[in-house]
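Residue numbering for the sequence shown follows the working numbering, beginning at 96 and increasing consecutively. All residues carry an ideal CB built from backbone N, CA and C; glycine is no exception. All values derive from a computational prediction rather than experimental measurement. Read the structure below first, then the notes.
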Amino acid sequence: MFEFAWPWLFALLPLPWLMRVLLPVADSGEPALKVSFLHDLEGLTRRRARANLPAWRQQAPFILLWLLLLMAAARPQWLGEPLPIAASGRDLLVAVDVSGSMDFPDMQWQGEDVSRLSLVQYLLGDFLESREGDRVGLILFGSQAYLQAPLTFDRHTVRVWLDEARIGIAGKNTAIGDAIGLGLKRLRMRPAQSRVLILVTDGANNAGEIDPLTAARLAAREGVKIYPIGIGADPEQSGTLGFLGVNPSLDLDEPALKAIADATGGQYFRARDGKELQAIKDTLDKLEPVAQQPTQARPAQALYHWPLALALLMSLLLVVRERWPHNPLQRLFTKQLFLHKQLPDWRQRLKRLRLRRRR
Numbered sequence: 096m097f098e099f100a101w102p103w104l105f106a107l108l109p110l111p112w113l114m115r116v117l118l119p120v121a122d123s124g125e126p127a128l129k130v131s132f133l134h135d136l137e138g139l140t141r142r143r144a145r146a147n148l149p150a151w152r153q154q155a156p157f158i159l160l161w162l163l164l165l166m167a168a169a170r171p172q173w174l175g176e177p178l179p180i181a182a183s184g185r186d187l188l189v190a191v192d193v194s195g196s197m198d199f200p201d202m203q204w205q206g207e208d209v210s211r212l213s214l215v216q217y218l219l220g221d222f223l224e225s226r227e228g229d230r231v232g233l234i235l236f237g238s239q240a241y242l243q244a245p246l247t248f249d250r251h252t253v254r255v256w257l258d259e260a261r262i263g264i265a266g267k268n269t270a271i272g273d274a275i276g277l278g279l280k281r282l283r284m285r286p287a288q289s290r291v292l293i294l295v296t297d298g299a300n301n302a303g304e305i306d307p308l309t310a311a312r313l314a315a316r317e318g319v320k321i322y323p324i325g326i327g328a329d330p331e332q333s334g335t336l337g338f339l340g341v342n343p344s345l346d347l348d349e350p351a352l353k354a355i356a357d358a359t360g361g362q363y364f365r366a367r368d369g370k371e372l373q374a375i376k377d378t379l380d381k382l383e384p385v386a387q388q389p390t391q392a393r394p395a396q397a398l399y400h401w402p403l404a405l406a407l408l409m410s411l412l413l414v415v416r417e418r419w420p421h422n423p424l425q426r427l428f429t430k431q432l433f434l435h436k437q438l439p440d441w442r443q444r445l446k447r448l449r450l451r452r453r454r
């Protein structure tokens, strides 16, 4: 079915005529040319002279151009048949720590050392994209928490935005309480049995305005389950030292993360390498879905480029007519009064006619 997404834009149709009425007439600053022998020319050609086309023919190209622009701005689209959307899933937000310590390369995956964030992007991205029937969203937090992707069925886009996350984009510190608070704000309006927040961090709360345990109690009151994931190798497993010779794994506050999980009815996970994070992903995949109200969606195909392309073509033709008036396309817009092929010596004939009258 064809429709305009913004049909109210057609209310702007009379705008050019209103501007013509309300604004003063432009003055070119050049004197008008008056022809005193126009009657003689009409006698020679045996036709009535017309300097211009009728008003409606002069304005027709510009009217059509304005209509095409309005059609493109009104967003024409073709709506397909309604398609059912799986509605037996959860509303799942993932909050990922992007503080400076997440760049520490102490994780093992397929025999290589990779940074903590890189492993989270790879495995957790697969987890998000496989959550068929779930609405998924993404929060990135460091010194502050930001909503990178709201809850949506477009899991692939959320995966892309997770892959594009960079260390330090939200600050160098870790605001776990603010991340929980932001997740609670986005989940509290959803059905009570389907609210899940997965919290991925490698440190302790050292920034933000909200205490993590206080935020967890508020989440429990709203029925939000939190699954914290503490990521990072054990200090004795990793011989690599971080900035100032300190192993970042020592910063992980496991008691606080366990308390957050216990307060909300979730479960705490510890990921020391890629295999453990893979096992955690498989466990999270088994989260039992919750039946929700069925929904439908109609695929929409945008068609605005067709009227926009026609408007561009017509604009080019108008420019050609203005800059190069003697061209084959000129006949589409105007009609010449005198054709040089028919009257090559009209000046000589006019001169002879004047001489006859003087005699």
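List the residues that DSSP assigns as beta-bridge partners of residue 323. Residue pairing by DSSP puts residue 323 in a beta bridge opposite 294.
For the beta strand (DSSP E) containing residue 97, list its first residue and its last residue. First-last of the beta strand (DSSP E) with residue 97: 97-99.
I need the straight-line Cα distance from residue 111 to residue 171, nearest angstrom please. One C-alpha to the other measures close to 22 Å.
Report the three-state DSSP secondary structure of residue 363 (helix, strand or coil). DSSP places residue 363 outside both helix and strand once states are collapsed to three, so it counts as coil.
Out of 214, 226, 227, 259, point me to the one whose CA is closest to residue 234's CA. The alpha carbon of residue 234 has as its nearest neighbour, out of 214, 226, 227, 259, the alpha carbon of 259.
Decide if residue 243 is buried, meaning its Cβ has at least 16 other Cβ atoms within 10 Å, or exposed. Counting the other Cβ atoms within 10 Å of the Cβ of residue 243 gives 16 or more, which makes it buried.
By how many angstroms is the C-alpha of residue 157 removed from the C-alpha of residue 414? Rounded to the nearest whole angstrom, the CA to CA distance from residue 414 to residue 157 is 12 Å.
Among 365, 174, 256, 394, which one has its Cα closest to the Cα of residue 231? Taking only the C-alpha atoms, the option nearest residue 231 is 256.
Buried or exposed: which applies to residue 370, given that a residue is buried once 16 or more other Cβ atoms fall within 10 Å of its Cβ? Under this definition residue 370 is an exposed residue.
Residues that residue 215 bridges to, as DSSP identifies them: In the DSSP assignment, no residue is bridged to residue 215.
Can you list, in chain order, the residues of its chain with a C-beta nearer than 8 Å to that of residue 319? Leave out the 5 residues immediately preceding and following it. So the list reads 278, 279, 282, 283, 290, 291, 292, 359, once near-sequence residues are dropped.
Cβ neighbour criterion (16 or more within 10 Å) applied to residue 269: Taking a 10 Å sphere around the C-beta of residue 269, we find 16 or more other C-beta atoms and assign the residue as buried.
Opposite residue 232 in the DSSP bridges: which residues? DSSP lists 188 as the beta-bridge partner residues of residue 232.
Here's the rule I'm using: 16 or more other beta-carbon atoms within 10 Å means buried, otherwise exposed. How should residue 433 be labelled? Because the pLDDT of residue 433 is 41, which lies under 50, any placement of that residue in the model is unreliable, and the question is left without a value.
Candidates 306, 355, 267, 239, of which the one nearest residue 315 by Cα: Nearest of 306, 355, 267, 239 to residue 315, Cα basis: 355.
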